[in-house]
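J.: Throughout the sequence shown, residue numbering follows UniProt numbering, covering 1 to 775 in sequence.
Virtual Cβ for every residue (Gly too), placed ideally from N, Cα, C.
All values derive from a computational prediction rather than experimental measurement.
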Amino acid sequence: MSKDIPPQLSASLRIVELEDQVKGLMETVIQFHEMYGLEAINIPKPDKYVKEGGYTVTELQQRYAHRPALSATPATTTATQETTVLSEPPKPKPKPEAAKESKSSVTVADVPSLPQYTYAPLNAAASEIRLLALDTTGRPDDPIICRLIIASLDDAAECPPMFKSAPIECFTPLSYCWGTSSFTEHIVVDGHSFSVTPSLYNALRHFRKAVPPPEDPFKRFQGDKAESYWWIDAICVNQNDVTERSSQVGLMTRLYKAAHMVHVWLGDEGDNSTQAMRLIRDLAYIPETPEDIESWNYIPKKAGQTYRPDGPGRPMVKLPVHETTFLSEQEKLDNYAAIIRFYQRPWFSRVWIRQEIALPSDVIFHCGAETCNWKDVMRAADILTYFADEYHMPALQHDGLRDTHSFGSCFRKALGLYELREEISRRGGSYGELQVLALKWRDCLATDPRDKVFAMLPLTNPDETDVRADYAKDKQKLYRDTTLSLLRKNLDYLSGCQNPTRSNGLPSWVPDLEVPSRPLLTETNYGHDKSLVNHWGNPPEDVAKFEHVPSEARLDIHGVIFDEVQAINEDDYIEAESSNKDVRTISERWREFHESHRDALFEEWEEQGNWEARDECLRMFDVPFNDSEWQFHILGNTDGDTYREGGDRDGVRFKRWDDDNVDHDPTLKRVKRLLPSDGTPFSDVLGREDEYFANLRPLAIGRRMFFSSRGAIGLIPIEAITGDKVCFFDGCGCPFVIRRAGNETWVIVGQAYYFGRIVLYEASKKPKKTIIRIV
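1) Using CA coordinates, which residue listed in Glu370, Ser181, Ile771, Ile232 is at the minimum distance from alanine 544?
2) Is isoleucine 721 buried or exposed, if buried means 16 or more other CB atoms sit within 10 Å of its CB?
3) Compare the beta carbon distance of leucine 415 and alanine 438 with 7 angstroms and say whether it is the shorter of the two.
4) Take phenylalanine 632 as the anchor and find which of His597, Gly609, Thr107, Tyr692 has the nearest alpha-carbon.
5) What is the C-beta distance between alanine 133 and arginine 147, in whole angstroms, given that I count them as a contact (C-beta under 8 angstroms)?
6) What's the gap between the Cα of glutamate 547 and the Cα of proline 717?
7) Identify which residue in Gln330, Ser587, Ile738 has its Cα closest to the Cα of proline 500.
8) Since valine 188 is in the alpha helix (DSSP H), which residue starts that stretch and which ends it?
9) Should proline 309 be labelled buried (16 or more other beta-carbon atoms within 10 Å of its own) or exposed?
10) Which class does methionine 252 belong to by DSSP, given the choice of helix, strand or coil?
11) Which one or two residues does DSSP pair with methionine 261 in a beta bridge?
12) Could you give the distance in angstroms between the alpha-carbon of histidine 263 and the alpha-carbon of glutamate 185?
13) Below 6 angstroms CB to CB, which residues in the same chain sit around isoleucine 232 once its five sequence neighbours on both sides are set aside?
14) Output yes or no for whether 7 angstroms exceeds the beta carbon distance between glutamate 719 and valine 749.
15) Quick one: does proline 290 have its CB under 7 angstroms from some CB of chain D?
16) Using alpha carbons as the reference points, say which of Arg421, Tyr343, Asp443 lies closest to glycine 400.
17) So is aspartate 571 buried or exposed if we call it buried at 16+ other beta carbons inside 10 Å?
18) Between the C-alpha atoms of glycine 711 and lysine 769, what's the straight-line distance to the nearest angstrom?
19) Would you mind reading off the limits of the alpha helix (DSSP H) that contains tryptophan 605?
20) Between the beta-carbon of cysteine 497 and the beta-carbon of proline 519, is there less than 7 angstroms?
21) Give me the Cα-Cα distance between leucine 114 and valine 108, rounded to the nearest whole angstrom.
22) Could you tell me the alpha carbon to alpha carbon distance between isoleucine 448 and valine 249, rounded to whole angstroms?
23) Let me check understanding here. Comparing Cα to Cα, which of Ile168, Ser199, Asp481 lies closest to serine 182?
24) Counting C-beta neighbours from all protein chains within 10 Å, is the total for isoleucine 168 16 or more, i.e. buried, or is it exposed?
25) Express the C-alpha separation of asparagine 238 and arginine 468 in angstroms, rounding to a whole number.
26) Quick one: complete beta strand (DSSP E) runs, 3+ long, within the segment 653 to 713?
27) Mapping the DSSP letters down to three states, classify leucine 333 as helix, strand or coil.
28) Looking at the structure shown, is leucine 532 part of a helix, part of a strand, or coil, going by DSSP?
29) Considering only C-alpha positions, which residue in the set Gln608, Thr306, Ile586, Ile129 is nearest to isoleucine 701?
30) Determine, using beta carbons only, whether leucine 555 and tryptophan 509 come nearer to each other than 7 angstroms.
31) Would you say arginine 379 and valine 652 are within 7 angstroms of each other, going by their C-beta atoms?
32) Relative to the alpha-carbon of leucine 674, which residue among Val549, Asp282, Glu595, Gly756 has its alpha-carbon at the smallest distance?
33) Tell whether a beta-carbon distance below 7 angstroms holds between leucine 434 and threonine 465.
34) Output the boundary residues of the beta strand (DSSP E) element that contains tryptophan 746.
35) At the level of alpha carbons, what is the spacing between arginine 773 and methionine 252?
36) Considering just the uninterrupted stretch of the alpha helix (DSSP H) at serine 485, what are its terminal residues?
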């Protein structure tokens, strides 16, 4: 353009040029608006903010009469906003560097004095949720600036789109531990103050920089902003609205399935967590390329070699040399202590995280500045479970390894998350069973005991249970209603009962999920042969039959009382800290206990002339057991570790080499190099015979061996006493110990475990079906 053209004319020509461009682009803009469903996330159509012919100054003043206190426009707040009248042309945009400096005049100290945030209601019928848009441009000393966006899960894509820019397309749930209930920190949400816990505040400060904003090639949503999108329960759900909390729980399955990834915040760096995460990555290493896999498999077969052949005419391949730095025993102890403290972080015990990690496609762990992927954390937990729990290596029995109420180590607890994720998510996305999930995870921590039920609901089929999240119910009513609902299918949920004294205000037939499980649950499919009618008289049936008597808080269950506790071995029992040597000794004493009481019972039957019962029992047990037969008899009603036998498809579960090569296994050698060891070769302590201890320990902890009046043996809860009866309920696969409570009523003491198939030797006294009244 010529320099002789007056600036006024130049501006006029430029305006005409821009008008032509606007007219040409208008249709394209409208098409983009409809294509990406911008109306659903409150982005107005162009005709709402573009007027043909332009706006007058008066119209602009009216249009911009109400503006927020800060730069973010409130999407969900009903609080009164400050007003600013547009009376002069807007100033030019500052350059990016200047914009960063002048982004907000609010300091961290100012945030508590801002107006408090107020939620706008969600439309439950439209499956609405709130998403948090976190400003990622702030400096470390800037306040945390966010805004809330209302979105519908109905708009979430089942598969991630190529460009994930809409908040509902690219949000990430944050899985974390609330920590203290003190809301002492403050962030800015839509220009207003919002109180959060220190744990969440630190997480937001971390993720403000750790997770970049989604790529947005079309710049459809953010404009000049740089935001990452999150779903965080403490902010996105109105925790003071009981109705909303209940409604949002019902959307959790869809929410976490739509997220595709979840970020886990374990907390700030501490307790040598950085070293722990590096050790975890080292322990969990497995090769990925075909060449590395072949070398990895070659190492234990040819110990000491540094090269392997690679085929005719090809050069030898150098085997990978892993870290060989010598570590002192104190350094190994420090390493192990750091790993224990890592897996003992509160997040691993929180009940809600079960559904948070079971459904998304991927999980990333953050602790301080370090990150670990899901497979590494779980594979390291599996390896350490193998050594510390299944084989109970003495050098790894360390302070803090187990909680006081738990039989398993912190590694075993973490590994349970992998098993849950495999069952629910990776194998076809099948639903879990509420009764199994509630009992398996009752040891988890929950601020609200009702969450022991509600946190499991997103993992279950809503068509198969009428239990719903309802925070208007108190704990007692919820637990009682849940029990009755689950018993309509079968009575296996009664296996969680362990309160014969009814000290918690609940009937003995209602499992109190707030109390950790004392003995672990055993298998619920016993080998009593119901076809032998002459053996049972009236055999137990598969269909549950019971009546609930609300006025007496009583359950009248059809069943068969078939046995009685005659003697209990109170002296020999297995605890979580018992060594394998102790377990072997106790197992032998159990055999002696059984033989002595069996011989005494035989003498009693001979005096009574009950030859039929004696002869039947002799056919089963007169031949002395050798070690392997006795061990098989004890574990006859348990399942082996199928993962250990065949490994798993994604390489998380550790499967060691055959006995001949175990000392050269690369993973085992790394364990010995990095962690405490007494120098004993692994081949001396990891033999196949020792798998007996791995299966017996969780079965025996919290139970005592007993001998029954009919000559059977097994394990019963520590609360059981001599004279207690043993029964089968119709519709339940396992036997129970019950105790008289008076007025022809009984209380449930707990689940009974019989060694081998239940055989009633005293066949002349056939048990009869009866109604067992449980209070």
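T.: Once the coordinates are examined:
1) Locating residue 544 in the sequence shown gives position 544, counting from the first residue. If we check each option's Cα against that of alanine 544, Ile771 comes out closest.
2) Taking the first residue of the sequence shown as position 1, residue 721 is located at position 721. That one is exposed.
3) As a working note, residue 415 is residue 415 in the sequence shown. As a working note, residue 438 is residue 438 in the sequence shown. Cβ atoms of leucine 415 and alanine 438: not closer than 7 angstroms.
4) In the sequence shown, counting from the first residue as 1, residue 632 sits at position 632. When only C-alpha atoms are compared, the closest one is Tyr692.
5) Taking the sequence shown and counting its residues from 1, the one referred to as residue 133 is at position 133. Taking the sequence shown and counting its residues from 1, the one referred to as residue 147 is at position 147. Rounded, the Cβ-Cβ distance is 5 angstroms, consistent with contact.
6) As a working mapping, residue 547 is identified with position 547 in the sequence shown. As a working mapping, residue 717 is identified with position 717 in the sequence shown. For glutamate 547 and proline 717, the distance between alpha carbons rounds to 26 angstroms.
7) Your numbering for residue 500 matches position 500 in the sequence shown. Closest by alpha carbon: Ile738.
8) Here residue 188 corresponds to residue number 188 of the sequence shown, with the count starting at 1. That residue, valine 188, is in no alpha helix (DSSP H); its beta strand (DSSP E) goes 185 to 189.
9) Mapped onto the sequence shown, residue 309 falls at position 309. Burial call: exposed.
10) Counting from 1 along the sequence shown, the entry for residue 252 is found at position 252. In this structure, methionine 252 counts as helix in the three-state DSSP scheme.
11) Counting from 1 along the sequence shown, the entry for residue 261 is found at position 261. Its beta-bridge partners are Asp362.
12) Here residue 263 is taken as the residue at index 263 of the sequence shown, counted from 1. Here residue 185 is taken as the residue at index 185 of the sequence shown, counted from 1. Spanning the two alpha carbons is a distance of roughly 21 angstroms.
13) Reading the sequence shown from its first residue, position 232 is the one you call residue 232. Closer than 6 angstroms at the Cβ level, and outside the excluded window around isoleucine 232, lie Leu132, Leu174.
14) Within the sequence shown, residue 719 is the residue found at index 719, counting from 1. Within the sequence shown, residue 749 is the residue found at index 749, counting from 1. In this structure, valine 749 lies closer than 7 angstroms to glutamate 719 by Cβ.
15) Note that chain D does not occur in the displayed structure, where there is just one protein chain.
16) Translated into positions along the sequence shown, residue 400 becomes position 400. Comparing Cα positions, the closest option is Tyr343.
17) For this step, residue 571 is matched to residue 571 along the sequence shown. The residue in question, aspartate 571, is exposed, as its Cβ has fewer than 16 Cβ neighbours within 10 Å.
18) As a position in the sequence shown, residue 711 is number 711, starting the count at 1. As a position in the sequence shown, residue 769 is number 769, starting the count at 1. Using only the alpha carbons, I get a separation of about 21 angstroms.
19) What you label residue 605 is simply residue 605 of the sequence shown in a count that begins at 1. Tryptophan 605 -> alpha helix (DSSP H) spans 580 to 608.
20) Along the sequence shown, read from residue 1 onward, the residue named residue 497 stands at position 497. Along the sequence shown, read from residue 1 onward, the residue named residue 519 stands at position 519. Not closer than 7 angstroms, so no.
21) For the purposes of this step, residue 114 is identified with residue 114 of the sequence shown, where counting begins at 1. For the purposes of this step, residue 108 is identified with residue 108 of the sequence shown, where counting begins at 1. Each residue's Cα considered, the two are about 11 angstroms apart.
22) One-based indexing of the sequence shown puts residue 448 at position 448. One-based indexing of the sequence shown puts residue 249 at position 249. Note that residue 448 is aspartate in the sequence shown here, rather than isoleucine. Going by the C-alpha atoms only, they are around 14 angstroms apart.
23) The residue given as residue 182 occupies position 182 in the sequence shown. It is Ser199.
24) Within the sequence shown, the letter at position 168 stands for residue 168. With 16 or more Cβ atoms within 10 Å of its Cβ, isoleucine 168 is classed as buried.
25) Position 468 of the sequence shown, counted from the first residue, corresponds to residue 468. Position 238 of the sequence shown, counted from the first residue, corresponds to residue 238. Taking the straight line joining both Cα atoms gives about 19 angstroms.
26) 703 to 708
27) Taking the first residue of the sequence shown as position 1, residue 333 is located at position 333. In this structure, leucine 333 counts as helix in the three-state DSSP scheme.
28) Residue mapping note: residue 532 aligns to position 532 of the sequence shown, counting from 1. Any reading at leucine 532 must be qualified, since the residue scores a pLDDT of 41, below 50, and its modelled position is unreliable; no value is offered.
29) Sequence index remark: in the sequence shown, residue 701 carries index 701 (1-based). For isoleucine 701, the nearest C-alpha among the options comes from Ile586.
30) Position 555 of the sequence shown holds residue 555. Position 509 of the sequence shown holds residue 509. Yes, they are a contact pair.
31) For the purposes of this step, residue 379 is taken as residue 379 along the sequence shown, with counting starting at 1. For the purposes of this step, residue 652 is taken as residue 652 along the sequence shown, with counting starting at 1. Closer than 7 angstroms, so yes.
32) Indexing the sequence shown from 1 puts residue 674 at position 674. Closest by alpha carbon: Asp282.
33) Position 434 of the sequence shown, counting from 1, holds the residue named residue 434. Position 465 of the sequence shown, counting from 1, holds the residue named residue 465. For leucine 434 and threonine 465, yes; Cβs fall inside 7 angstroms.
34) As a working mapping, residue 746 is identified with position 746 in the sequence shown. Residues 745 to 751.
35) Position 773 of the sequence shown holds residue 773. Position 252 of the sequence shown holds residue 252. Straight-line Cα distance between these residues: approximately 39 angstroms.
36) Numbered from its first residue, the sequence shown carries residue 485 at position 485. 475 to 487 is the extent of the alpha helix (DSSP H) around serine 485.
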